[in-house]
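Here is the structure we will look at, set down as structure tokens.
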DNA sequence: GTCAAGAAGATTGTTGACAATCTGACAATA
DNA sequence: TATTGTCAGATTGTCAACAATCTTCTTGAC
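Protein chains in written order, with this note's numbering: chain A, 1 to 252; chain B, 1 to 252.
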């Protein structure tokens with residue numbers, strides 16, 4: 001499989017803890033590499049990840065790999081079964097819906113908190129610029145990927161404006177888990193135009209300090225993403241079924 | 001009580017994985033024991049937990065202890081600092097408020113989902129009985145602890161009625177983190193009478209399938225708990241300050 | 001008396017080896 | 001043919017030792 005392994009090389013060069021708090025520990029480096037492979041699909045859902053294989057690849061012992069897998073489990077990216085090891089988490093459509101439902105509530109809480117923050121004016125210019133970027137990208141049908149990236153950037157910005165660290169941490173984790181699916185919801189120009197309207201309304205609510213409106217808009221936005229993502233997943237599932245059927249027919 | 005395993009002794013006897021999925025792995029046993037000590041206050045907030053000491057006590061090596069501490073970190077019970085080890089998490093009043101804010105939203109989602117579940121009638125009898133118990137206990141000022149336990153039991157029941165497993169898992173984790181503080185909110189008979197009214201209204205909303213009302217009630221209930229807990233924490237903080245002051249005066 | 005530098009001890013991070021368990025294949029039996 | 005038993009290989013669980021790092025105490029200079 002051409003397994004490119006991306007930039008595959010030992011992790012050793014980056015030694016940890018040279019006093020700067022920005023260096024990642026060995027465990028975190030391993031977790032980051034594995035995380036990327038899962039989110040990008042290089043590791044397929046359901047695939048087994050074996051400790052020794054990862055340890056050999058990165059030229060470390062199994063200990064840190066083991067801990068890294070536990071970190072990924074915390075973020076829901078892998079599922080660890082006793083005596084069976086780690087599997088890349090495979091979400092059913094119902095589970096995707098459940099995660100989006102939680103995100104809708106918590107994004108509502110986040111955006112309300114931001115809109116009601118007396119100190120929010122400090123971040124408003126950046127926010128205005130970010131939404132303007134989004135508006136520009138939404139007009140160009142060719143800029144699908146750039147739009148997705150801009151939405152992610154906007155969400156990071158909102159995360160920075162949020163004082164509730166625990167909420168931010170939960171939201172980050174849930175977003176990571178559905179990253180593979182969220183983008184499905186922004187795959188058509190029509191959806192992106194709808195999306196940008198939501199963001200414009202949210203910006204207005206924040207500017208005016210209208211927390212109730214901000215919460216309402218956030219919930220609606222996530223629910224729309226959810227419905228779009230689920231519709232796409234249903235299509236993909238149907239397609240896969242017919243493929244399997246044709247395979248079976250060929251085998252018979 | 002009655003429990004069991006509360007005694008302090010080596011964990012060895014219970015070997016793991018005798019095919020039954022109910023046996024706890026060594027790591028989970030250690031995590032459960034440590035978790036209990038933190039929640040009950042046997043380990044004080046801010047206290048350091050050292051791997052070797054725990055390993056010696058339970059007569060295992062540091063490996064499983066290390067993993068158990070990571071599990072507790074996932075639940076927010078300990079905070080792990082690089083090269084410094086694990087500390088029992090110490091929550092500021094603001095952090096307690098933040099957690100309660102998240103719980104309010106997610107309990108709202110939970111109770112709405114339950115009220116809108118077409119299959120909810122199956123659990124209604126148990127729920128009715130549980131609220132009736134609560135009503136009875138609320139009348140008796142001497143039954144404070146029993147009331148707290150009954151509320152916990154009712155919450156467990158609602159958790160079982162919930163199909164969204166991820167929501168349940170997040171709620172369980174948040175509840176565990178604030179367990180030391182939630183009880184503060186039910187410490188007076190007046191508060192318990194207010195609490196039982198909320199539960200009665202929630203029961204009615206679930207019976208009638210009124211999801212919006214259920215959500216509204218849940219949020220209000222958690223917000224009330226939050227305010228009561230915070231008021232108590234403020235008192236405790238003030239008391240501690242005066243104590244420290246008198247200590248300082250004595251030293252001088 | 002206060003502060004800085006350095007040494008000693010304590011603690012976490014990492015490793016490789018061994019033990020326990022699981023998986024899958026093959027053979028024996030009904 | 002289908003079911004059960006056994007075995008070998010693979011994989012995770014656990015351990016003890018070593019390395020890297022942090023903390024604390026001592027020492028010395030100002």
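Note that beta-carbon positions come from the ideal geometry of N, C-alpha and C, so glycine has one too.
Since we're looking at a predicted model, the values are computed, not measured.
Beta-carbon proximity of residue i to residue j, cut-off 9 Å
i	j	result
residue 116/B	residue 86/B	no
residue 202/A	residue 128/A	no
residue 233/B	residue 148/B	no
residue 93/A	residue 241/A	no
residue 111/B	residue 231/B	no
residue 103/A	residue 175/A	yes
residue 106/B	residue 177/B	no
residue 88/B	residue 120/B	no
residue 138/A	residue 84/A	no
residue 196/B	residue 134/B	yes
residue 150/B	residue 169/B	no
residue 297/A	residue 98/B	It is not possible to answer for residue 297/A, since the shown part of chain A is limited to 1 through 252.
residue 144/B	residue 63/A	no
When the options are compared against residue i, the one with the closest alpha-carbon
i	options	result
residue 82/B	149/A, 25/A, 237/A and 77/A	25/A
residue 224/A	179/A, 186/A and 204/A	186/A
residue 198/B	102/B, 222/B and 133/B	222/B
residue 65/B	72/B, 74/B and 55/B	55/B
residue 32/A	206/A, 58/A and 45/A	58/A
residue 73/B	166/A, 192/A, 211/A and 171/A	166/A
residue 70/B	141/B, 28/B and 191/B	28/B
residue 125/B	207/B, 141/B and 189/B	207/B
residue 41/A	228/A, 210/A, 180/A and 188/A	180/A
residue 100/B	53/B, 37/B, 183/B and 132/B	183/B
residue 189/B	142/B, 62/B, 35/B and 173/B	142/B
residue 209/A	114/A, 80/A and 161/A	114/A
residue 211/A	43/A, 118/A and 170/A	118/A
residue 215/B	161/B, 53/B, 153/B and 108/B	108/B
residue 75/A	172/A, 219/A and 227/A	172/A
residue 39/B	53/B, 90/B, 67/B and 155/B	90/B
residue 30/A	153/A, 45/A, 61/A and 227/A	61/A
residue 260/B	34/B, 45/B and 154/B	Since the first residue of chain B shown is 1 and the last is 252, residue 260/B is not available in this structure.
residue 218/A	44/A, 191/A, 43/A and 155/A	155/A
residue 161/B	44/B, 191/B, 122/B and 152/B	122/B
residue 46/A	227/A, 63/A, 79/A and 145/A	79/A
residue 227/A	243/A, 153/A, 145/A and 191/A	191/A
residue 200/B	146/B, 136/B and 239/B	136/B
Contact set between residue i and chain B, taken where Cβ atoms lie within less than 8 Å
i	result
residue 105/A	105, 106, 108 and 109
residue 170/A	102 and 170
Chain-ordered chain A contacts of residue i [CB-CB under 8 Å]
i	result
residue 34/B	None at all; the shortest Cβ gap to chain A is about 16 Å.
Contacts of residue i in chain A (Cβ-Cβ under 7 Å)
i	result
residue 51/B	Residues of chain A passing the Cβ test: none, with the nearest at roughly 13 Å.
Chain B residues whose Cβ lies nearer than 9 Å to that of residue i
i	result
residue 98/A	163, 164, 165, 166 and 167
Near the ligand GTP: residue i beta-carbon under 8 Å from a heavy atom
i	result
residue 199/B	Summarising the ligand content, the structure contains no ligands, and the ligand GTP is consequently not present.
In chain order, each alpha helix (DSSP H) run of at least 4 residues that lies wholly inside the region 177-216 of chain B: 179-182 and 189-208
Interface positions of the region 63-76 of chain A facing chain B (Cβ-Cβ less than 9 Å), listed along the chain: 63, 66, 67, 70, 71, 73, 74 and 76
Contact residues within the region 147-167 of chain A, judged by C-beta distance below 9 Å to chain B: 163, 164, 165, 166 and 167
In chain order, each alpha helix (DSSP H) run of at least 4 residues that lies wholly inside the region 136-166 of chain A: 144-161
Continuous beta strand (DSSP E) assignments of at least 3 residues falling wholly in the region 45-115 of chain B: 78-81 and 85-88
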